[in-house]
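Colleague: Just so you know, our numbering puts 80 at position 58 of the sequence shown, and the rest follows in order with no gaps.
All residues carry an ideal CB built from backbone N, CA and C; glycine is no exception.
Small disclaimer: the values here were computed from a predicted structure and weren't measured.
Starting off with a structure, shown below.
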Amino acid sequence: MHHFIRGHNQKRDCEIKFVKTKNQLADLFTKPLARDRFNKLRTELGILDINNVVCYVSSMLILCTHALVS
23 MHHFIRGHNQ KRDCEIKFVK TKNQLADLFT KPLARDRFNK LRTELGILDI NNVVCYVSSM
83 LILCTHALVS
């Protein structure tokens with residue numbers, strides 16, 4: 023993998039940038055996280071919390087709850 027990335031970087035096909043640990047979005051999928059960190063990364067990726075989604079059904083506004091999901 024190292025040689026693949028290095029080759030593309032040398033050809034200027036891609037640019038490698040440092041990403042601070044607190045901004046590693048992939049951590050959401052690869053590590054156990056504290057709830058606040060999980061929620062922050064989920065929001066940054068644009069993933070919605072189904073418990074806070076507002077649904078529009080037949081021109082009526084319905085707040086999705088655990089009961090609707092299960």
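May I ask you to report which of helix, strand or coil DSSP gives Arg57?
Modeller: Correct three-state label for Arg57: helix.
Colleague: Over the uninterrupted alpha helix (DSSP H) stretch that includes Phe51, give me the two end residues.
Modeller: From DSSP, the alpha helix (DSSP H) with Phe51 extends over 49 to 52.
Colleague: I need the DSSP call for Val91, collapsed to helix, strand or coil.
Modeller: Residue placement at Val91 cannot be trusted, given a pLDDT of 46 that sits under 50; what the coordinates show is reported in the next sentence. It is helical.
Colleague: If we call anything under 8 Å between Cβ atoms a contact, is Leu67 one with Leu50?
Modeller: Yes, Cβ-Cβ distance for Leu67 and Leu50 is below 8 Å.
Colleague: Hey, quick one: how far does the alpha helix (DSSP H) through Asn19 stretch, first residue to last?
Modeller: For residue 19 there is no data in the structure shown, the boundaries of the chain being 23 and 92.
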